[in-house]
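Taking UniProt numbering, the leading residue of the sequence shown gets 6, the next gets one more, and so forth.
Some notes on the structure that comes next.
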Amino acid sequence: GSATVSTGGRVVRAARGAERTAKSWGAEAAKRMLMNNLDPEVAEHPEDLVVYGGTGKAARTWEAYDAIVRTLDELEPDETLLVQSGKPVGVFRTHEWAPRVLIANSNLVGDWATWPEFRRLEELGLTMYGQMTAGSWIYIGTQGILQGTYETFAAVARSLGRESLAGTLTLTAGCGGMGGAQPLAVTLNGGAVLIVDVDESRLARRVEHGYLDEYTTDLDAAIERVVAAKNAGEALSVGVVGNAAEVFGDLLLRGIPIDIVTDQTSAHDPLAYLPVGIAFEDWKREAEADPEGFTARARGSMAKHVAAMVGFQDGGAEVFDYGNSIRREAQLGGFERAFEFPGFVPAYIRPQFAEGRGPFRWVALSGDPEDIRKTDEAVKALFPDDAGLVRWLDKAGEAVHFEGLPARICWLGYKERHLAGLKFNEMVASGELSAPIVIGRDHLDSGSVASPYRETEAMADGSDAIADWPLLNALLNTSSGASWVSIHHGGGVGIGRSIHAGQVTVADGTALAAEKLERVLTNDPGTGVMRHVDAGYDRAKEVARERGLKVPML
Ligand code: NAD
6 GSATVSTGGR VVRAARGAER TAKSWGAEAA KRMLMNNLDP EVAEHPEDLV
56 VYGGTGKAAR TWEAYDAIVR TLDELEPDET LLVQSGKPVG VFRTHEWAPR
106 VLIANSNLVG DWATWPEFRR LEELGLTMYG QMTAGSWIYI GTQGILQGTY
156 ETFAAVARSL GRESLAGTLT LTAGCGGMGG AQPLAVTLNG GAVLIVDVDE
206 SRLARRVEHG YLDEYTTDLD AAIERVVAAK NAGEALSVGV VGNAAEVFGD
256 LLLRGIPIDI VTDQTSAHDP LAYLPVGIAF EDWKREAEAD PEGFTARARG
306 SMAKHVAAMV GFQDGGAEVF DYGNSIRREA QLGGFERAFE FPGFVPAYIR
356 PQFAEGRGPF RWVALSGDPE DIRKTDEAVK ALFPDDAGLV RWLDKAGEAV
406 HFEGLPARIC WLGYKERHLA GLKFNEMVAS GELSAPIVIG RDHLDSGSVA
456 SPYRETEAMA DGSDAIADWP LLNALLNTSS GASWVSIHHG GGVGIGRSIH
506 AGQVTVADGT ALAAEKLERV LTNDPGTGVM RHVDAGYDRA KEVARERGLK
556 VPML
């Protein structure tokens, strides 16, 4: 697709193809993925360097962006660039096995880890919010969360004793970069869904990209459409422009037959959640003028929003928090029953994390969708017995509109991912794929996150807030041959609430890349198994024994 929006006076789009201007594929890939994050087709607000997730940025300023690009082009294959919260700060001589880029984003010392202090430092130009894959240059658009959301809704259907979501109605809110995956994830599971967003342009964008069937500004019309679809057992997604803090309560009072309720507004950052009573047009101005007052109003609205969610649960609906910390914000806003519904990880995802499974993703640097089609076939051939995986890849091949460089996501676990990585590397070497493949993952992951309201909520041993694990994960990936490694704070759930790490490794078809891929893609999910063994999960212990993970005290 072609870029149309200007970004600080320019339009960013990554180069495509097998010719590189940087001196190594590691540096070239980092540069292209930084650029891809800021491609107007990919980023939610590219003019502000914002990729997704409220204010998740790829670089601190446009000057910093230019300096990163320039440095990556000049970087020797035995040098490493250090990036401190979106600003390139140093280049060091390392060696060929070392990452080409090491990134630390948004980290603050514990007692200082609050939004007001973060914003004060940001205002001084000293830091930026990196979210998860924004500041670590491996965001792939809304697809990045689609399979996780699809799997989560499939698990919801199972927990309701159903084979699919056909005949059910889901209510949710937040149709942004990640939240925008919800409508398609529900319809892929056969259900009807109503999604509320205050920003009409977000709903329009999801319709344009095929993630949402239709939207309206008329709540009654929307209700009529989704209830009819539910009753007919049809899959349909309808967006409605409105404030979730009002609309959820309204729907509860009116007794609309809603079966499942969740939310993916940017609640992790109270300034990115629009309170009731502030007009959409005044949002940015009001938030900047009085961040503390705005935060209090946003929390007040989130209290209403979450109260309605608990009300739906009281009425028998399946209700869960979708990883944006809205329960904590509602609690701070004065609603005491906020934690009465669970987070999605303990409710549906933890058993997968115990196997090191999580969202594994890859990107074709050729820019050619045909390369992704070939990798889809290769993954299906590697894991023909994984029916869910094969079904997902078939559905994704039909339903996913690529945003930016063609990419794919699928959930693979320990002793699986490296097989895919090695296969892709062979396909690059043989010329079957027309350029290198970038292989990474989300920070929504089994071994690289400490996030007590999300990934590590309700761990069996109470170790929710222990953040040694993501640091060990980053050190191990750095020692194993990753192309770039990042350590972030505050992604997903906001400042003060998470510490997490990422890795990206390039399959450029060389023998050296194969050696690195085998180690990184084994060790990285291996830390997820290790972390869950340590917390006492039986499935993780079984996986460690069966698949040969060495855990000294097991
Ligand atoms: P985004 O900023 O791109 O989108 C948020 C959307 O919420 C926007 O469209 C905004 O208009 C809307 N919104 C804000 N206030 C609203 C209100 N009162 N009523 C209705 N709509 C409102 O963010 P995103 O990338 O979609 O992420 C959403 C949230 O999900 C974030 O908190 C993020 O950290 C979290 N997240 C969760 C996961 C997961 O796996 N569960 C993954 C990534 C991100």
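Even glycine gets a Cβ: it sits at the ideal position worked out from N, Cα and C.
For T270, the CB falls within less than 7 angstroms of some heavy atom of the ligand NAD. Distance from the CA of A369 to the CA of V212, rounded to the nearest whole angstrom, comes to 25 angstroms. With respect to G140, A34 sits apart: the two C-beta atoms are not nearer than 8 angstroms.
A distance below 7 angstroms between beta-carbons, with the five flanking residues on each side excluded, links A272 to the following residues of its chain, in chain order: Y278, M307, N329, S330, I331 and E334. Between the ligand NAD and the CB of G495, the shortest heavy atom gap is not smaller than 7 angstroms. For T221, the enclosing beta strand (DSSP E) covers residues E219 to T221. The way I'd put it, the stretch 146-165 doesn't touch the stretch 499-516; fewer than three beta-carbon pairs between them come closer than 8 angstroms.
Where N110 is concerned, the enclosing beta strand (DSSP E) starts and stops at V106 to N110. Relative to Y220, the option among A234, A233, H214 and E205 whose CA is nearest is E205. N236 counts as exposed, since fewer than 16 other beta carbons sit within 10 angstroms of its beta carbon. As a beta-bridge residue in DSSP terms, A369 pairs with I442. F97 is bridged by DSSP to T85. Going by DSSP, V490 is part of the beta strand (DSSP E) stretching over W489 to H494. Going by beta carbons, L107 and H494 fall outside the 8 angstroms limit.
Out of F253, W367 and I377, the CA that lies nearest to the CA of H423 is found in W367. Cβ-Cβ distances below 6 angstroms link W120 to I500 in the same chain, with the five nearest sequence neighbours on each side left out; the list follows chain order.
Assigned with DSSP and collapsed to three states, E239 falls in coil, not helix or strand. At least 8 angstroms separates the beta-carbon of K379 from that of R552. Relative to the ligand NAD, the beta carbon of A249 is positioned inside 7 angstroms of a heavy atom. Secondary structure note for Q136: it is in no beta strand (DSSP E), with a DSSP letter that is neither H nor E. Annotation: A412 to G339 spans about 42 angstroms, alpha carbon to alpha carbon. Within a 10 Å sphere around the beta-carbon of E462 sit 16 or more other beta-carbons, which makes this residue buried.
The residues K28, S29 and E101, in chain order, have a CB closer than 7 angstroms to that of P82 in the same chain once the five nearest residues on each side in sequence are set aside. Going by DSSP, V198 is part of no alpha helix (DSSP H) but of the beta strand (DSSP E) stretching over A197 to D202.
Secondary-structure assignment with DSSP links E323 through a beta bridge to I265.
Annotated three-state conformation of W416 is strand, per DSSP. Pairing G496 with G361 gives a Cβ-Cβ distance that is not under 8 angstroms.
In the same chain as Y216, and ignoring 5 residues on each side of it, the C-beta atoms closer than 7 angstroms to its own belong to T147, G185, A186, P188 and L189, in chain order. Here F407 is buried, its C-beta having at least 16 other C-beta atoms within 10 Å. A Cβ-Cβ separation of about 30 angstroms leaves A118 out of contact with L77 under the 8 angstroms criterion. Excluding five sequence positions before and after V443, the CB atoms of its chain that fall closer than 7 angstroms to its own CB belong to A34, M38, W367, V368, L370, V509 and V511, given in chain order.
The three-state reading of DSSP puts V55 in strand, counting E and B together.
Straight across, the Cα-Cα distance linking H310 with G247 is about 12 angstroms. Distances between the C-beta of Y327 and the heavy atoms of the ligand NAD include at least one below 7 angstroms.
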